[in-house]
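In the numbering used here, the protein residues as written are 2 to 296. Below is one structure, written out as structure tokens; comments come after it.
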């Protein structure tokens with residue numbers, strides 16, 4: 002792989018992903034709705050990832066695709082725009098790529114493919130813990146449903162074109178304010194959930210630093226076995242100062258568990274991330290561990 006097409010390259014993860022691939026020695030094409038003028042890409046194509054002609058133009062010379070373009074929450078557009086826009090873009094990008102012989106692709110999925118945060122029944126609890134890729138979805142909102150369909154589209158593209166596709170189920174992604182990233186989204190988030198850990202209970206307190214997300218995207222272009230795969234990627238520790246067992250006792254008390262969690266161990270099975278794509282998050286939040294206050 003020498004040239005990678007990165008869609009949504011001006012977005013939160015996409016911008017850092019562009020920089021990561023460029024620094025790793027890849028030629029990069031950025032597909033964006035608007036060119037901010039400072040992307041780490043040697044080629045920029047402006048247009049919608051849902052427009053087949055635009056995608057075909059952006060694919061020129063590409064032998065791998067990282068598809069990040071999406072409306073990232075249900076409230077950021079009409080239900081039709083969120084669901085139809087996200088799923089149409091994923092189909093257009095992967096199908097056009099497959100028709101042109103691209104056999105390596107990564108798709109930005111989400112923990113919300115499980116449907117907990119935006120579902121109509123709150124509070125939402127998983128069927129069991131730790132989270133893993135076998136859990137059934139409860140998606141009911143247009144964004145979460147679009148992520149489920151994106152993962153099904155990845156499976157179809159493997160059958161249709163022989164394309165290997167990894168759908169990365171990202172949790173909350175952001176930076177710690179490092180100048181190298183220019184993103185401090187996690188700083189305010191960590192403060193918020195330390196004060197109100199219930200806010201992150203639907204997401205099981207999972208997070209991932211932006212540069213780790215970009216590195217996961219590169220590694221996911223070379224899975225250890227062929228196929229279409231959904232993979233959780235997250236930091237191995239929860240995003241609060243509190244022990245995971247105390248958080249679960251407070252917010253998910255009746256959920257069956259197959260293990261206990263030591264310290265702040267994240268309640269997610271990261272085996273697939275490690276074994277399939279060789280990824281382990283390394284950029285972790287600096288917190289002072291303490292007991293969860295009584296609520």
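Every residue, glycine too, gets a C-beta built ideally from N, C-alpha and C.
Relative to the C-alpha of residue 166, which candidate in 224, 111, 203 has its C-alpha closest? 224
So what does DSSP say about residue 225, is it helix, strand or coil? coil
What residue does the alpha helix (DSSP H) around residue 278 start on, and which one ends it? 272-278
Whole angstroms is fine: what's the gap from residue 120's alpha carbon to residue 149's? 14 Å
Where does residue 105 fall in DSSP's three states? strand
Three-way DSSP call (helix, strand, coil) for residue 208 in this model: strand
Restricting to Cα atoms, I'd like to know which of 270, 153, 33, 252 is closest to residue 259. 270
Which of the three DSSP states is assigned to residue 15 in this structure? helix
Rounded separation between residue 122 and residue 189 - CA only: 27 Å
Of the residues 110, 268, 222, 231, which one's Cα is nearest the Cα of residue 243? 268
Thinking C-beta only, is residue 144 closer than 8 Å to residue 173? no
At 3 residues or longer, what runs of the beta strand (DSSP E) sit wholly inside the stretch 228-268? 229-233
Buried versus exposed call for residue 276 [16 or more other C-beta atoms within 10 Å across all chains shown]: exposed
With a 10 Å radius around its C-beta and 16 neighbouring C-beta atoms as the bar for buried, classify residue 111 as buried or exposed. buried
Beta-ladder partner(s) of residue 4, from DSSP: 28
Find out if the Cβ-Cβ distance for the pair residue 215, residue 68 is shorter than 8 Å. no
Over the uninterrupted alpha helix (DSSP H) stretch that includes residue 200, give me the two end residues. Here residue 200 belongs to no alpha helix (DSSP H), and DSSP marks it neither H nor E.
Pairwise C-alpha distance: residue 78 and residue 72: 8 Å
Since residue 213 contacts residue 284 with CB under 8 Å, what's their CB separation in whole angstroms? 5 Å
For the 8 Å Cβ check, are there 3 or more pairs between the stretch 45-56 and the stretch 235-252? no
Enumerate in chain order the residues of its own chain whose CB-to-CB distance from residue 132 is below 7 Å, with the five nearest sequence positions on each side excluded. 205, 233, 268, 269, 270
Would you kindly work out how many angstroms separate the C-alpha atoms of residue 203 and residue 141, rounded to a whole number? 15 Å
Backbone CA spacing between residue 179 and residue 185 [nearest angstrom]: 7 Å
Which residue from 29, 25, 36, 5 puts its Cα closest to that of residue 11? 36
Is residue 92 helix, strand or coil by DSSP? helix
Sorted by chain position, which residues of the same chain lie with C-beta nearer than 6 Å to residue 65's C-beta, five sequence neighbours on each side aside? 2, 5, 105, 222
Tell me whether residue 62 is buried or exposed, calling it buried when 16 or more other Cβ atoms sit within 10 Å of its Cβ. exposed
In the DSSP assignment, the beta strand (DSSP E) including residue 174 goes from what residue to what residue? 173-175
Give me, in chain order, the residues of the same chain whose beta-carbon lies closer than 7 Å to that of residue 19; leave out the 5 immediate sequence neighbours on both sides. 7, 10, 29, 31, 40, 41, 42
Spatial neighbours of residue 146 within its chain, please: CB distance less than 7 Å, with the 5 preceding and 5 following residues excluded, ordered by chain position. 84, 140
Is it the case that the Cβ atoms of residue 92 and residue 154 are separated by a distance below 8 Å? yes
Taking all protein chains shown into account, do 16 or more other C-beta atoms lie within 10 angstroms of the C-beta of residue 169, making it buried, or fewer, making it exposed? buried
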